[in-house]
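Report on one structure; see the data block that follows.
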Amino acid sequence: MNRNELRKADINLMVVFEALMLERNVTRVAEKLFLGQPTISSALNRLRAMFNDPLFIRVGHRMEPTARAEELIQYLSPALDSLSNALSLTHDFDPASSTMTFRIGLSDDVEFGLLPNLLRALRQEAPNVMIVVQHVDYWRIPDLLASGDITVGISQTRGLPANAKRKLLRHIQPMLLRADASSTPMSLDEYCARPHVLVSHTANVSSLADEWLAEIGRKRHVVLSVPQYSALPALLAGTDLIAGLPDYTALAMAASGSLFAEPLPFKAPTLDLSMVWLGIVDTDPAERWLRSRLEKFMSDRLPAAPV
2 MNRNELRKAD INLMVVFEAL MLERNVTRVA EKLFLGQPTI SSALNRLRAM
52 FNDPLFIRVG HRMEPTARAE ELIQYLSPAL DSLSNALSLT HDFDPASSTM
102 TFRIGLSDDV EFGLLPNLLR ALRQEAPNVM IVVQHVDYWR IPDLLASGDI
152 TVGISQTRGL PANAKRKLLR HIQPMLLRAD ASSTPMSLDE YCARPHVLVS
202 HTANVSSLAD EWLAEIGRKR HVVLSVPQYS ALPALLAGTD LIAGLPDYTA
252 LAMAASGSLF AEPLPFKAPT LDLSMVWLGI VDTDPAERWL RSRLEKFMSD
302 RLPAAPV
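So the sequence shown is numbered by the numbering used here: it starts at 2 and just counts up by one.
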C-alpha cells in the first residue's frame, strides 16, 4: 500500500484487529475497547473486506486467526507502537489537572506494603486521577502488559516480552512475622518447630523458604496456605503461627503494634523487586510521570531522573 492508499485506511479498524489477535473473543474486545459487540462485528466485516481474507475462524468460543492474520500482525503491531509514540509527543501531562485512569499491576505484598505511601502522595499531587490495580505475579505480567490491561507492573519478574523494559526498584530481604513479642530473636530450631502460614496465590504448600531450609538440612512445618498477605494480621493474632514475607510488607504489618517482624534465623538470598513496562509507552508523558512516582515511593534508593 502506498502513502495515498493510507487515506483509505481507518486506524480504529487496526486497533480492533490487534485487540482481536490478543483476545480471540469479540465480547472481550468489546469490553476492552468500551464498544458494543455489534460495533466490533461490523469492524471485523470491514477488515475482512479490506484484506480480502476471513482473518478469524470461530473455533468453539474462540476466534482463531488465519495465516494472513498472523502475517499482518507482524507488520501492524510495530506500526501502531510507532504511531502511539509519535502521538504521545504532541501533548504534555499536568498531574494537578489530569483526570486520567492509570492501570497498574502490583503483587499482593507490594499492594499492602508499598501502595499506601504512593497513594498518599498522589492524593496531593494528582487528586483527580484514578488508579486501577490488578494483581500480578511473574507469570501474569507478560500477558497483562501485552493485552493492555496494565501499562506498568511491579513484582518479581522473569520471562518478559522482548519489547519490555525493566527497572530494579529494591532488593527484597525476607523476614518473619509473629504475634508474640520476644526480647530475643527466634532460633532456627524454634523457627522449624513453630507452625507456619504460607502465602501462595496458586495454593502451593511449599515455597522458596523450604528450598533454602533444605540446603542446610532443615525443614519447617506449614499448617496453612492462604492466597494473599492481607489476611495475615487476623490469622496470626493470638496464635503461635509465624509467616515469612518481604521486609517492606512485614514492617508495614508490624507498624500497627500487634505484630512483630524480625530477620529470618538463617541466611536467605535477597530477591529483586522490579518495575516493568512495554516500549510502546516508554515516551508517553503521563506514563513517564507515573513511573517516576512508582520509583520514588516504591524504591529503596534515591530516585533517579524520570523514566
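From the three backbone atoms N, C-alpha and C, an ideal C-beta is built for every residue, glycine too.
- Setting aside the 5 residues that flank it on each side, Met-101 is surrounded in the same chain by Val-130 and Ala-287, each with a C-beta closer than 7 angstroms to its C-beta; the list follows chain order.
- The Cβ neighbour count for Gly-61, taken over all protein chains shown within 10 Å, is under 16; the residue is labelled exposed.
- Less than 8 angstroms separates the beta-carbon of Arg-221 from that of Ala-210.
- The DSSP assignment places complete alpha helix (DSSP H) segments of no fewer than 4 residues inside the region 19–102 at 27–34, 38–52 and 68–89, in order along the chain.
- Taking C-beta atoms as the reference points, Arg-104 and Asp-144 fail to come closer than 8 angstroms.
- Closest option to Ser-98, judged by alpha-carbon separation, among Leu-116, Glu-126 and Glu-71: Glu-126.
- Selection Gly-258, Met-176, Arg-124 and Ser-231 evaluated against Ala-251 yields Met-176 as nearest (Cα-Cα).
- Counting C-beta atoms within 10 angstroms of its own C-beta, Ala-31 has 16 or more neighbours from the protein chains shown and is therefore classed as buried.
- Residues Ser-108, Ser-156 and His-202 of the same chain have their beta carbon placed closer than 7 angstroms to that of Asp-138, with the five preceding and five following residues left out of the count.
- Counting the other CB atoms within 10 Å of its CB gives Thr-152 a total of 16 or more, which places it among the buried residues.
- Excluding its 5 nearest sequence neighbours in each direction, Ile-74 has C-beta neighbours in its own chain below 6 angstroms: Met-22, listed in chain order.
- Less than 8 angstroms separates the beta-carbon of Ser-275 from that of Leu-170.
- With respect to the 8 angstroms criterion, Ala-50 and Val-17 are not classified as neighbours on the basis of their beta carbons.
- Listed as beta-bridge partners of Asp-138 by DSSP are no residues whatsoever.
- Our two residues, Asp-110 and Asp-11, have alpha carbons roughly 43 angstroms apart in a direct line.
- Selection Ile-142, Ile-243 and Leu-291 evaluated against Thr-158 yields Ile-142 as nearest (Cα-Cα).
- Rounded to the nearest angstrom, the Cβ distance from Ile-173 to Thr-271 is 6 angstroms, consistent with a contact under 8 angstroms.
- Linking Thr-240 to Glu-263 through their CA atoms gives a straight-line distance of about 17 angstroms.
- Counting only residues of its own chain and dropping the five nearest sequence neighbours on each side, Arg-179 has a CB closer than 6 angstroms to the CB of Ile-243 and Phe-261.
- One Cα belongs to Ala-20, the other to Ser-148, and the distance between them is close to 8 angstroms.
- Under the three-state reduction of DSSP output, Phe-267 falls in the coil class, being neither helix nor strand.
- If only uninterrupted beta strand (DSSP E) runs of at least 3 residues are considered, those enclosed by the region 175–232 are 175–179, 196–200 and 222–227.
- Put simply, of Ile-41, Ala-68 and Arg-25 the residue whose alpha carbon is nearest the alpha carbon of Phe-52 is Ala-68.
- Excluding sequence positions up to five before and after Thr-40, its CB lies within less than 8 angstroms of the CB of Ala-31, all in the same chain and listed in chain order.
- Per DSSP, Ser-293 lies in no beta strand (DSSP E); the unbroken alpha helix (DSSP H) holding it starts and ends at 286–299.
- Taking the C-beta atoms as reference points, Pro-234 is found nearer than 8 angstroms to Met-254.
- A check of alpha carbon separations from Gly-258 across Glu-65, Gly-114, Ala-204 and Asp-181 identifies Asp-181 as the nearest.
- Here Asp-273 carries a strand assignment [DSSP, helix/strand/coil].
- When the alpha-carbon of Leu-225 is set against those of Arg-289, Tyr-249, Trp-213 and Val-198, the nearest one is in Val-198.
- The beta-carbon distance between Asp-283 and Lys-166, rounded to whole angstroms, is 6 angstroms. This is short enough to meet the 8 angstroms contact definition.
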